[in-house]
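Asks:
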Amino acid sequence: MKCPDCNKEYSDPNQQICEYCGTELSRTEQISPKVSPTKTKLEKFIKDSGLKEIYKKIKDSLKNV
Numbered sequence: 063m064k065c066p067d068c069n070k071e072y073s074d075p076n077q078q079i080c081e082y083c084g085t086e087l088s089r090t091e092q093i094s095p096k097v098s099p100t101k102t103k104l105e106k107f108i109k110d111s112g113l114k115e116i117y118k119k120i121k122d123s124l125k126n127v
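Numbering (the working numbering), first residue to last: 63 to 127.
#1: Might you give, ordered along the chain, the residues of its own chain that have their beta carbon closer than 8 Å to the beta carbon of I79, omitting 5 neighbours on each side?
#2: So the candidates are D67, P75, K114, N76; which of them puts its Cα closest to the Cα of Y82?
#3: Have a look at K125 and I116 and give me their C-alpha separation to the nearest angstrom.
#4: Below 8 Å CB to CB, which residues in the same chain sit around K114 once its five sequence neighbours on both sides are set aside?
#5: Counting only the same chain and skipping the five closest in sequence on each side, list residues whose C-beta sits under 7 Å from that of Y72.
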């Protein structure tokens, strides 16, 4: 069984309450699809244009000065 809140797994079939968060464990595990966080238009633009890599290179070169 797996805790729906903290994802702690239990092999004991008699375990009914999660030891870490106190949530009641259910016999049937509900698997929710993983949703990737949506990126803003600005984040997409920065990634697509390569500005993030340029920023990292400039930042690294300034550290070495």
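For every residue, glycine included, the Cβ atom is placed at its ideal position computed from N, Cα and C.
Replies: Taking the geometry as given:
#1: Once the five neighbours on either side are set aside, the close Cβ partners of I79 are T85, E86, L87.
#2: Taking only the C-alpha atoms, the option nearest Y82 is D67.
#3: Near 14 Å, if we compare the C-alpha coordinates of I116 and K125.
#4: The answer, listed in chain order, is I108.
#5: Counting only Cβ-Cβ distances below 7 Å, and skipping sequence neighbours, we find M63, L87.
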